[in-house]
Every structure is written in structure tokens, then in C-alpha cells.
Amino acid sequence: MKAYFVAAFAAGTVLAATHAGAQEADLTAARDLYASAAYDDALTVLNRLRSSDHPASQSRTIEQYRAFCLLALGRPSDAEQAIEAVVVAEPTYTPGDGDASPRIRSAFTAVRRRMLPAIIQQKYAQAKTAYDRKEFGAAADGFTQVLNALADQDVAAEASRPPLSDLRTLAGGFQELAAKAAAPPPPPPMAPVATPTPPPAPVVPVAPRIYTGGETGIVMPAVVNQTLPPFPGHVVIPRNGKLEVVIDELGQVESAVMTSSVTQAYDAIVLAATKAWRFKPATLNGMPVKFRKTVQITIKQTS
6 MKAYFVAAFA AGTVLAATHA GAQEADLTAA RDLYASAAYD DALTVLNRLR
56 SSDHPASQSR TIEQYRAFCL LALGRPSDAE QAIEAVVVAE PTYTPGDGDA
106 SPRIRSAFTA VRRRMLPAII QQKYAQAKTA YDRKEFGAAA DGFTQVLNAL
156 ADQDVAAEAS RPPLSDLRTL AGGFQELAAK AAAPPPPPPM APVATPTPPP
206 APVVPVAPRI YTGGETGIVM PAVVNQTLPP FPGHVVIPRN GKLEVVIDEL
256 GQVESAVMTS SVTQAYDAIV LAATKAWRFK PATLNGMPVK FRKTVQITIK
306 QTS
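Take any residue in the sequence shown, note its place counting from 1, add 5, and you have its number in this note's numbering.
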């Protein structure tokens, strides 16, 4: 019996390795087909890989070459959706001069300029949440990613003005504080020494309170513009999602996070659209305050 289980385990391991090897071979074949201008055949292989149980590490490459093929076949709308999936999976990726033509690089640049501001705000919100939970290592890494993304040339124009310029200042301050808090304590002294006067505790910026509507005296924000973008493509089954936005004292969306996903691509489109949303700000005793609002998203089936 013991020998049977050992043999079964070994067989399962061999099958998993064989499956992974076949997927890698398919991906290589798709690249070769693209390089030889067999775009339809390459797209067929890539679509099959996309619908299979493939490793997460292959997702970006699959969508990348799908975008290349779709652009070559004159299907810019479908290509844009594939590029959006690439940006969501790996926001820092840009095709190099040796990988793609100027037309492909231009298409990637246009999508990244549209999506990166929302992705940066989402990553800042995630890093701030980790900081508030005292997960300083994860917070420091998250704020570093925000700062690196703000330095990306495709988002340079947006990064020079609010809200991204404000996020750069906040992310820099919180990153320094998180890095210090996450650093290991120094080793104990080898010999007794006089105890130095401890330095003053770092001053942590106190963020304004964010209200949620259950507080006494709060008047909830009123919608001025809260238009959801249309869902791209045909809707086979109804879809639902949930979005959480923080509305600042001016009635603008300070941050937005999808708490329940519709699809990865549509999530990114919605997050980008929230930049244009406007509200009459919430008030407490007549004074504007920050407010966290939940927006339900319902995508109906198309006929």
C-alpha cells in the first residue's frame, strides 16, 4: 500500500510537470507564430492558453502577445482590452524597442496613461491600509511602488498635479516612517554604556477623519456626476461588483478601491472613471468633511 501511494504521488508530479512543460511549449510556439506573421494561428494558441489553468506568471506574457496579434489583425478595441489586462497584471511593464513596433508601443502608452493614475491611487490606499494595521514592511514596499509608479514617464503629466502630486508627498512621508518602523532593532551593546536620551518619537501625520454616514450631525454627499462607464463587449451573464470611494471636502474622489470585482479589465476602467466624479461634499455641523461611500455596480445581460 505504501509503495502504491509513493507511485501515485510520483505519477502526479510527472503529470503536473508535463502539463507545465506543454504550456510553456505552447507559449513559445505562439511567440514563433507571431514572429513569422501568422497572427491568426498565434492568437488561437494564446486564447487556448488563456482559458486553461496556466501559471499566474504566464498571464502577462499571454495578454501581451494577444495584444500584439490583435493590433496586427486590425482589431484595436480587442487589443485595448488585452493591454488593459497587461497593465492590471504588471503596471510597470512597457514593451521595449526590440519587442514591438512604434504603433504597438504607442497603444500601450495610451492605455497606461489612462489607467496608471487609478492604479497608483489604489496601490496608495492598499499601502495606507497596511500602515494603519502596523504591517510596516508591506506598507514600506507599497509606498515605494507608488513612488516608482509616479516616476513613470507615461504618468508624468498627471503626477505633477493633484491628486497624484499630493499622493507623492504623502507616500514619501509614510514610506520613510514605515521603513524606519520596519527596521530591526540594533544589536545590544557589547559592554555597558550610558543610556542615551531616546530620540523623540516620529510625528505621524494625522489624517482627517473619514465619515461613513452613521455619525450624529452628518449630512451625506449629494451626487453631481457619478457616471459609470459602459461595460466593454457582450455581457453573457449579469455581473455585480462593489466600489468604495473616499470623497474629500471639495466633493472630489480622493481614492477608490474595488471591494468586489466585476472583471479585472472593467475594474480598472471604473477606477479611472471615478477621477471625473463630483459630489456636493458631506458636512458635519455645516463644515465639509471626508466621506467613505459604497457604490453598487450591476451589469445587466445584453440581448
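Beta carbons: idealized from backbone N, C-alpha and C, even for Gly.
Please read all numbers here as calculations on a predicted model, not as lab measurements.
Open item on the list: Measuring straight from C-alpha to C-alpha, what distance separates P60 and P96?
Closed with: 19 Å
Task: Cutoff 7 Å; reference S266; Cβ partners in own chain excluding five residues on either side - done: G246 and D272
Open item on the list: Below 6 Å, is the gap between the Cβ of Q150 and the nearest heavy atom of the ligand NAP?
Closed with: Of the ligands one can find in the structure shown there are none, so the ligand NAP has no counterpart to examine.
Open item on the list: Could you tell me the alpha carbon to alpha carbon distance between R65 and R71, rounded to whole angstroms?
Closed with: 10 Å
Task: Between the CA atoms of Y44 and E140 - distance to the nearest angstrom - done: 46 Å
Open item on the list: If the criterion is Cβ atoms closer than 7 Å, does the pair F148 and A176 meet it?
Closed with: yes
- [ ] Per DSSP, which residues does F296 bridge with? Please list them.
- [x] Y216 and I252
TODO: Could you tell me how far apart the beta carbons of L75 and A87 are, in whole angstroms, since I believe they sit closer than 8 Å?
DONE: 6 Å
Open item on the list: Can you give me the C-alpha to C-alpha distance between R117 and E89, rounded to a whole angstrom?
Closed with: 8 Å
Open item on the list: Can you tell me which residues form a DSSP beta bridge with Q231?
Closed with: DSSP lists no partner for Q231.
Open item on the list: Does D253 pass the burial test, meaning 16 or more other C-beta atoms within 10 Å, or should it be called exposed?
Closed with: buried
TODO: Could you tell me the distance, in whole angstroms, from the CA atom of R256 to the CA atom of V91?
DONE: Reading the sequence as shown, one finds Gly at residue 256 and not Arg. One C-alpha to the other measures close to 32 Å.
Open item on the list: Bridge partners for M263 per DSSP, in chain order?
Closed with: L248
Task: Span separating the alpha-carbon of T114 from that of D157 - done: 11 Å
- [ ] Go ahead and label P212 buried or exposed: buried means 16 or more other beta carbons lie within 10 angstroms of its beta carbon, across all protein chains shown.
- [x] One point to set straight first is that residue 212 is Ala, not Pro, in the sequence displayed. Result: exposed.
TODO: For the beta strand (DSSP E) holding K285, just list the boundary residues, first then last.
DONE: R283 to K285
TODO: Drop a sphere of 10 angstroms on the beta-carbon of M292, count the other beta-carbons inside from all chains shown, and report buried for 16 or more, exposed for fewer.
DONE: exposed
Open item on the list: Rounded to whole angstroms, what is the Cα-Cα separation between S82 and T288?
Closed with: 42 Å
Open item on the list: Which residue wins for smallest C-alpha separation from P226, given the options A132, R53, V300 and Q306?
Closed with: V300
Open item on the list: Please give me, in chain order, every unbroken run of the alpha helix (DSSP H) with length at least 4 that falls completely inside the segment 144-180.
Closed with: 161-164
- [ ] Evaluate P235 with the Cβ neighbour count: other Cβ atoms within 10 Å of its Cβ, from every protein chain shown; 16 or more gives buried, anything less gives exposed.
- [x] exposed
Task: Where the alpha helix (DSSP H) containing V91 begins and where it ends - done: P81 to A94
- [ ] Please report the residue range of the alpha helix (DSSP H) in which I109 lies.
- [x] P107 to D137
- [ ] Decide if M263 is buried, meaning its Cβ has at least 16 other Cβ atoms within 10 Å, or exposed.
- [x] buried
Open item on the list: Alpha carbons only, please: which of P193, R214 and R283 is nearest the one belonging to L233?
Closed with: R283
Open item on the list: By the three-class DSSP mapping on this structure, what secondary structure does L48 have?
Closed with: helix
- [ ] Classify T288 as helix, strand or coil using the three-state DSSP reduction.
- [x] strand
- [ ] Using 10 angstroms around the beta-carbon of Q180, count the other beta-carbons present and answer buried if the total reaches 16, otherwise exposed.
- [x] buried
Task: Alpha-carbon spacing of A42 relative to A270, whole angstroms - done: 27 Å
- [ ] With a cut-off of 8 Å on the beta carbons, I'd call A112 and A84 a contact; round off their distance for me.
- [x] 6 Å
Task: Distance, M195 Cα to Q126 Cα - done: 46 Å
Task: Which listed residue (A154, S57, L38 and K305) has its alpha carbon closest to that of V240 - done: K305
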